[in-house]
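Engineer:
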Amino acid sequence: SQTIHQWPATLVQPVGSPLSLECTVEGTSNPNLYWYRQAAGRGLQLLFYSVGIGQISSEVPQNLSASRPQDRQFILSSKKLLLSDSGFYLCAWSVAAASYEQYFGPGTRLTVT
Amino acid sequence: DAKTTQPTSMDCAEGRAANLPCNHSTISGNEYVYWYRQIHSQGPQYIIHGLKNNETNEMASLIITEDRKSSTLILPHATLRDTAVYYCIVRSGTSYGKLTFGQGTILTVHP
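Going line by line, the protein sequences match chains X and G. Anchor point for the first sequence: position 51 equals 51 in my numbering, and the numbering is continuous, going up by one each time. Anchor point for the second sequence: position 90 equals 90 in my numbering, and the numbering is continuous, going up by one each time.
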């Protein structure tokens with residue numbers, strides 16, 4: 001069966017510090033991968049998606065970036081965090097042919113202080 | 001993508017069926033109806049989807065009206081663990097599957 005892992009589960013970082021969140025998927029090959037963010041009391045916002053290694057598309061301009069160095073690994077990064085980057089970050093995967101049936105990880109709750 | 005309208009909140013007694021409505025009057029012929037739910041502090045969970053026919057799986061049933069302008073998600077025997085925010089999403093097929101989550105319906109299951 002397929003599983004998706006995210007770490008860390010929680011993170012508190014000062015403004016201006018770098019960020020690296022990692023997501024890995026097991027039990028499937030060539031998945032579509034997604035990064036979403038959910039601000040407090042708000043809906044989910046798609047940040048990035050990837051249909052293959054090295055292929056990243058950005059949905060929202062911001063100071064975040066994403067990379068996909070391996071087929072089942074998706075990384076969300078920032079060089080300098082802003083207060084507005086606080087939120088609940090979720091990674092998701094889907095089988096490429098059934099893209100709206102997405103499976104989400106447990107999430108990382110980021111607080112920028 | 002078609003816009004969806006859901007009630008802000010609903011209550012249900014434990015053991016009873018929970019019927020969550022969704023209006024999508026501008027849905028087009030190639031758009032599917034998807035349902036997800038999000039339990040507090042967890043990632044969303046896919047529940048079910050459908051195009052025209054009613055669908056059932058181990059979690060729920062999806063009833064889509066004949067004109068496809070509305071649908072109902074049915075949890076046949078709600079438990080306390082079904083308390084969550086339920087999202088109805090309408091999307092057509094694209095290459096990558098961008099999901100747009102609205103405010104959803106907060107379902108509270110009472111003992």
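Here a beta-carbon is modelled for each residue, glycine too, at the ideal position from N, C-alpha and C. Here the structure is a predicted model, which means the values were calculated and not measured.
#1: Determine the extent of the beta strand (DSSP E) in which X/V51 is found, giving its start and end residues.
#2: So who's on the other strand from G/V90, going by DSSP bridges?
#3: Would X/V112 and X/Q13 be called neighbours here (beta carbons separated by less than 8 Å)?
#4: Going by DSSP in three states, X/S84 sits in which element: helix, strand or coil?
#5: What whole-angstrom Cβ distance do X/Y89 and X/L21 have, given they're in contact under 8 Å?
#6: Find the residues of chain X that neighbour G/K98, judging by a C-beta separation of less than 8 Å, and give them in chain order.
#7: In the DSSP assignment, find the unbroken beta strand (DSSP E) run with X/V25 in it and report its ends.
#8: Excluding sequence positions up to five away, which residues of its chain have a Cβ less than 6 Å from the Cβ of G/A13?
#9: So, for G/P76: in the same chain, excluding its five sequence neighbours on each side, which residues have a beta-carbon less than 8 Å away from its beta-carbon?
#10: Is G/Q6 close to chain X, meaning its C-beta is less than 8 Å from at least one C-beta of that chain?
#11: Can you have a look at G/D82 and say buried or exposed, based on whether 16 or more other CB atoms are within 10 angstroms of its CB?
#12: Does the beta-carbon of G/Q6 have 16 or more other beta-carbons within 10 angstroms, so that it is buried, or is it exposed?
#13: Under the assumption that G/K69 contacts G/S25 (Cβ atoms under 8 Å), give the Cβ distance between them as a whole number of angstroms.
#14: Please state the DSSP three-state secondary structure of X/R68.
#15: DSSP on G/D67, reduced to helix/strand/coil?
#16: In this structure, does DSSP put G/R16 in helix, strand or coil?
#17: Alpha carbon to alpha carbon, what distance is there between X/G16 and G/N53?
#18: Exposed or buried, what is X/G87 when buried is set at 16 or more other beta-carbons lying within 10 Å of its beta-carbon?
#19: Helix, strand or coil for G/A78, going by three-state DSSP, please let me know.
Structural biologist: Judging by the given coordinates:
#1: L44 to G52
#2: G/V33
#3: yes
#4: Residue state, collapsed to three classes: helix.
#5: 6 Å
#6: For G/K98, the neighbours in chain X by C-beta distance under 8 Å run, in chain order, L46, Y49 and E59.
#7: X/V25 -> beta strand (DSSP E) spans L19 to E26.
#8: H110
#9: Excluding the 5 residues flanking it on each side, G/P76 has same chain C-beta neighbours closer than 8 Å at A17, A60 and S61, in chain order.
#10: no
#11: buried
#12: buried
#13: 4 Å
#14: strand
#15: coil
#16: coil
#17: Here the alpha carbons of X/G16 and G/N53 stand approximately 52 Å from one another.
#18: buried
#19: Residue state, collapsed to three classes: coil.
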